[in-house]
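S.K.: Residue numbers (the working numbering): 3 to 80. My questions will all concern the structure given below.
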Amino acid sequence: MRNISKKNWYVTLILAIILPSFHRFYAGKWGTGILYIIIMIASLNFCKPICWALYFVDILFILSGFFKDKEGKYITIF
Numbered sequence: 003m004r005n006i007s008k009k010n011w012y013v014t015l016i017l018a019i020i021l022p023s024f025h026r027f028y029a030g031k032w033g034t035g036i037l038y039i040i041i042m043i044a045s046l047n048f049c050k051p052i053c054w055a056l057y058f059v060d061i062l063f064i065l066s067g068f069f070k071d072k073e074g075k076y077i078t079i080f
């Protein structure tokens, strides 16, 4: 049995789509949330596709139910 987070899956997904990196703050992953924002703001144009790829991977993890909160619990729809 997987550890299931009390975080809302829908909120996590909507934040990931509308406000990239804010889904990490919601999940309690403040360090990587701040890092994503800093990289996106400070990076040159050739680094931005890397950031968008990371956001896309996070969205895939959220959709598949494998995205974890800061406690290592899965944020899932079920």
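Just so you know, even glycine gets a beta-carbon here, dropped at the ideal spot from N, CA and C.
Just to confirm my understanding: we take residue 34, look at its own chain, exclude 5 residues before and 5 after, and list those with CB closer than 7 Å. What are they?
M.R.: So the qualifying residues of the chain are 26.
S.K.: Kindly list the residues whose CB is nearer than 8 Å to the CB of residue 28, restricted to its own chain and excluding five residues on each side of it in sequence; keep chain order.
M.R.: Same-chain partners within the cutoff: 9, 13, 14, 17.
S.K.: Any idea what DSSP makes of residue 50, helix, strand or coil?
M.R.: In this structure, residue 50 counts as helix in the three-state DSSP scheme.
S.K.: Would you check if the distance between the CB atom of residue 69 and the CB atom of residue 79 is smaller than 8 Å?
M.R.: Contact: no.
S.K.: Write down the C-beta distance between residue 53 and residue 45 rounded to the nearest angstrom, noting that I regard them as a contact closer than 8 Å.
M.R.: That belief holds up - the Cβ atoms of residue 53 and residue 45 are roughly 7 Å apart, short of 8 Å.
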